[in-house]
Amino acid sequence: MGRAGLSDHSSLLLNWVEAEAEDEGGPRPFRFLNRVSDAESRVDEAEMEYDLDPSPAHREHLHQDLLSAPTQTAGPISPDIIPSLITQEDNQELNRHPSLPKVREAVFSIDADSVAGSDGFSSHFFQQCWEIVQDDVFRAVLDFFDGGHLPRGFSATSIVLLPKRDNACRWTEFRSISLCTVFNKIITKLLNSRLSSILPLIISPQQSGFIQGRLIGDNILLALEMLHTLDTQGP
């Protein structure tokens, strides 16, 4: 923004109901913006901006100065300021090999009626043929925890559209679901069982979404209560 009348901002027309008198506790439009402009430093900045040369050459020079300004980067973060929340015992527990009974427990905890993934093998097949496939499944799980390369097909997901009604023909009449492989579900359940024990240690108490036993609505109610308090008390 240069001199008065040379602003490149578009005009804005605002219309609001006339506020009640302040002594009656009514709202004060633009109260926040007025407090910002009342600061002495803002007055100095506005005066400096209005005194700038509005010529295109000066604007180009100012633009080049901004682009050529040296970039200030923060120094390395000291590891001392990062709290150590995970103990060595916790880390060993996360990385240890799962036992065959644990893998079996994960397999049989999957809904047998769930649809198969892209490989065509459903959880019902693994449960019914467990005595046959258990050794191969167990070796694949151990290879994953050893840091082995996970084949792309193991993590493949199929996006399928299910009709909500008969003779569906519009996008709004379908519901989308994602179908992953049983091996993907096995790994996910094993990791979930291990992470669930340490998540309360590394996640802030203020984080309420996607945490078992916490409701995101609690934070919404708290934020509304804070806004209500600020609005009634004022500065």
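Just so we're aligned, residue 2 is where the sequence shown starts under the numbering used here, counting upward by one. Heads up, the beta-carbon is just placed ideally off N, CA and C, and yes, glycines get one too.
Starting from residue 164, follow its DSSP beta bridges and name the residues at the other end. Paired residues: 175.
**OP:** Ignore the nearest five residues each way along the sequence and tell me which others in residue 105's own chain have a CB closer than 8 Å to its CB.
**Re:** Closer than 8 Å at Cβ, skipping near neighbours: 131 and 135.
**Study point:** Minimum C-alpha distance to residue 144 - residue among 115, 99 and 79
**Key:** Closest option to residue 144, Cα to Cα, is 99.
Exercise. CB of residue 80 to nearest heavy atom of the ligand HEM: below 7 Å?
Worked result: Absent from the structure shown: the ligand HEM. Ligands present: none.
Among the candidates 72, 91, 162 and 148, whose CA atom is the shortest distance from the CA of residue 201?
Restricting attention to 72, 91, 162 and 148, the CA atom closest to the CA of residue 201 is found in 91.
message = Can you check which of these residues, 180, 194 and 206, is closest to residue 154 by C-alpha distance?
response = It is 180.
Exercise. Going along the chain, which residues of its own chain have a beta-carbon closer than 8 Å to the beta-carbon of residue 175, five neighbours each way excluded?
Worked result: So the qualifying residues of the chain are 162, 163, 164, 165 and 169.
So what's residue 221 in DSSP terms, helix, strand or just coil? Of the three classes helix, strand and coil, the one that applies to residue 221 here is helix, per DSSP.
Notebook entry, point to check: In this structure, does DSSP put residue 196 in helix, strand or coil?
Noted result: The three-state reading of DSSP puts residue 196 in helix, counting H, G and I together.
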